[in-house]
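Residue numbers (this note's numbering), protein chains in the order written: chain A, 1123 to 1450; chain B, 3 to 332.
In this text, a Cβ means the ideal position worked out from N, Cα and C, and glycines have one as well.
Being a predicted model, the structure only gives us computed values, none of them experimental.
Shown next, in structure tokens, is the structure this report addresses.
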Amino acid sequence: MSPNPLLEVTGLKKYFPIHKGILSRHVGDVKAVDGVNFTLGQEETLSLVGESGCGKTTCGRTLLRLYEPTAGSALWRPAPEEPAVDLFSISESEMRGLRRDLQIIFQDPYGSLNPRVTVSGAIGEALRVHGVASGSELDDRVEALLERVGLRAEVSNRYPHEFSGGQRQRIGIARALALNPKLIVCDEAVSALDVSIQAQVINLLKDLQEEYSLSYLFIAHDLSVVKYISDRVAVMYLGRIVEIGTTEQIFTSAAHPYTKALLSAIPIPDPKRRSKHIPLTGDVPSPINPPKGCHFAARCPVAEARCRDSYPEMRQLESGHTAACHLL
Amino acid sequence: MTDEPLLEITDLATYFYSDEGTAKAVDGVSYKILPGETLGVVGESGSGKSVTALSIMQLIPQPPGKIVGGDIRFKGESLLTKSPEEMRKIRGNEIAMIFQEPMTALNPVYTVGDQIIETVRLHRGLDKAAAHAHAIRMLEKVGIPSPTTRVDEYPHQLSGGMRQRVMIAIAMSCDPSLLIADEPTTALDVTIQAQILDLIRDLQNETGMSVLLITHDLAVVAEVAHHVAVMYAGCVVEYASAEELYEKPLHPYSIGLFKSLPDLAGPNERLVTIPGMVPPATRFPSGCRFHPRCPIATDLCKTEQPKLVAPDSASGRVVACHHLDEASKL
């Protein structure tokens, strides 16, 4: 971890209010993200992993202010010597300018491309809006981007439905790259793709990272992909990070019981090594009314009385490796 | 396990006709399932694995679809010559099926109990009270906590994992000899996936049923399957025991699939990819359908489709490739 990270997130919270009744009274909140801290270095890939509803996607979208944060700060330092800006306290128009640096690729390339806009329209829009290029220069830029992501330049006048899922994801990547960003949030960017296509897109993302000095916030649930692509991994459970460390630390010396259970559940593609799962009973508790103790206590195989009474602090295990568990 | 297969598919062809041409979704598929075993069918989107399963159940919408060739034999009898009436007695009774998305497969306006009761009253002729008791027993069997209250709940009140358990309870309620599971864990989180796979395996050990597991996930197959059929573009390209296949895949496509998996245990080498993509079913290439993406294809591969042949006579393994010697060096 560098002393001047690209992004430093502290106390990030995102609550979605619940309204009920004829007067739409505010009756509670879905605490989707409830106090998340992490840093992301230059040219680093940090993965956020966890099961459905743990808040990993909300985290990524709140960072880009696609959702307005409830609390917290996100210090953005585009170059190590420059002063940092808090993404959460700047105005919307300032944020719009900063979006050149912060881009996102979505899971579903079908849903994230407008079916009535051609490929060149989708990729070129950002260049036009930010006044980066126009006319024939814009066409050249779009064609160069298409070729960089492995599509032929001639396809620029086609519509999204004429492409396969993998090709559409390449279009999504080209669009995210168009403004030469520093950070790309990859929200389940390879989850919907077939194995052979997924490998192609993963290789592409890795190549682009080197070429354009990109940082990735990689949101995913497939842990074998995460292990392959990440420098560091943060494991989320019910709105909070329960363990964070380097990929090596998480995959070889996981400390939190949830991380251990999650890793043990990964199926291994070798019939001779059928994995021994740590069975987790029950379901994830409701984010509307999370338990006051450790959120994982109800499903944890080693939970004690104190786990139900108070939420454990994040504790450092070794340099760069912290976890929130009373039993460490 | 006896050698007499429970289900045997030979040269099955299921086509879909549309204005854009004929989609040969399944075109010459052969595989068999032995009693009590799990066959894993793997392949990417559009390889025809689900259409094969729907053909077994005769749930192909007709038109536009039609089974145009081959045979499906279940317990020694052809399913293709059965009347709709006879098929109804087999479906949900002797052959049951579960799907990827349990929320769309369950009826949202009936309680989960009603949906189990419907199945057993229809096939087993139980009266209401006996069927209700049976429903509770089934929910208990698939590990749903407090089944006596859950039986009266609606699908939306359950989590994704619970809904898949309910689907399995419905499928198991008539004690089928074959369970077809079409991507049963794809929509589930990895910890829930592990629970569901364990459940299917436990039920299989208990009842001795056969399982046809359709998935795109090679790791899931490795966890549960005894035999594996690898499908590509409407054909089976390799059929082998799970140990043999994972030890050493022989078909260039199978080899490519394994190489493109990120390895959880090994070092992070660059992923080897298969160039190009699966062709659409209306425009399958001539000859071997994998030849445009195959690193060792020759002119022979462009013109002549290879047949499934046994590379050695000892095991039941079959592979469809003209150049097995070259492929073994990949």
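Per DSSP, the continuous alpha helix (DSSP H) segment holding residue 122(B) begins and ends at 114-126. Note that the C-beta distance between residue 112(B) and residue 68(B) is not below 8 Å. A direct Cα-Cα distance of roughly 23 Å separates residue 38(B) from residue 1399(A). Residue burial is scored here from C-beta neighbours: residue 1251(A) has fewer than 16 other C-beta atoms within 10 angstroms and is therefore classed as exposed. Where residue 102(B) is concerned, there is no enclosing alpha helix (DSSP H), because DSSP gives it neither an H nor an E. If you keep only unbroken alpha helix (DSSP H) runs of at least 4 residues inside the region 1271-1350 of chain A, you get 1287-1299 and 1317-1334. The C-beta of residue 1140(A) comes no closer than 8 Å to any C-beta of chain B. Per the DSSP secondary-structure output, residue 1168(A) pairs in a beta bridge with 1339(A) and 1354(A). Contact annotation for residue 1322(A) against chain B: 275 [CB-CB distance below 7 Å, chain order]. For residue 158(B), the secondary structure class from DSSP, reduced to helix, strand or coil, is helix. Contact of residue 1384(A) with chain B is assigned, a C-beta pair being separated by under 8 Å. Excluding sequence positions up to five before and after residue 199(B), its CB lies within less than 8 Å of the CB of 187, 222, 225 and 226, all in the same chain and listed in chain order. From the beta-carbon of residue 1325(A), the residues of chain B found nearer than 8 Å are 272, 273 and 275.
A straight line joining the alpha-carbon of residue 1249(A) with that of residue 1303(A) spans about 12 Å. Membership of residue 90(B) in the alpha helix (DSSP H) is indicated by the continuous run 86-92.
By the criterion of at least three beta-carbon pairs nearer than 8 Å, the region 1352-1361 of chain A is not in contact with the region 1196-1215 of chain A. Among the CB atoms of chain B, one or more fall inside 8 Å of the CB of residue 1319(A). Counted as a single uninterrupted DSSP element, the beta strand (DSSP E) harbouring residue 1227(A) occupies residues 1224-1227. Per DSSP, the unbroken alpha helix (DSSP H) holding residue 259(B) starts and ends at 254-261. Inter-residue distance for residue 1312(A) and residue 1145(A) is about 42 Å (C-alpha atoms, whole angstroms). By the beta-carbon neighbour count (other beta carbons within 10 angstroms, threshold 16), residue 230(B) is buried.
At a cut-off of 8 Å between C-beta atoms, residue 293(B) does not count as an interface residue with respect to chain A.
Cβ contact annotation for residue 1371(A) (same chain, cutoff 6 Å, sequence separation greater than five): 1443, in chain order. Contacts with chain B (Cβ-Cβ distance below 7 Å) from the region 1285-1307 of chain A involve 1286 and 1288, listed in chain order.
Residues of chain A whose Cβ lies closer than 8 Å to the Cβ of residue 245(B) are, in chain order, 1393 and 1394. In this structure residue 1338(A) is buried. Its beta-carbon is surrounded by 16 or more other beta-carbon atoms within 10 angstroms. A distance below 8 Å separates the beta carbons of residue 329(B) and residue 257(B). Residue burial annotation: residue 267(B) is exposed, with fewer than 16 other C-beta atoms found within 10 angstroms of its C-beta.
Its Cα nearest to that of residue 1283(A), the residue 1235(A) stands out among 1323(A), 1258(A), 1235(A) and 1325(A). In this structure, residue 1265(A) and residue 1278(A) form a Cβ contact; the two beta carbons are roughly 6 Å apart against a cut-off of 8 Å. Here residue 1287(A) has 1231, 1232, 1314, 1315, 1316 and 1319 as same chain residues with Cβ atoms under 8 Å from its own Cβ, once five neighbours each way along the sequence are excluded. Per DSSP, residue 146(B) is not a residue of any alpha helix (DSSP H), being assigned neither H nor E.
At a Cβ-Cβ threshold of 8 Å, residue 145(B) and residue 121(B) do not count as neighbours. For residue 1387(A), the C-beta contacts it makes with chain B under 8 Å involve 192, 193, 195 and 196, in order along the chain. Bounds of the alpha helix (DSSP H) holding residue 1371(A) are 1369-1374. For residue 1343(A), the C-beta contacts it makes with chain B under 9 Å involve 191 and 192, in order along the chain.
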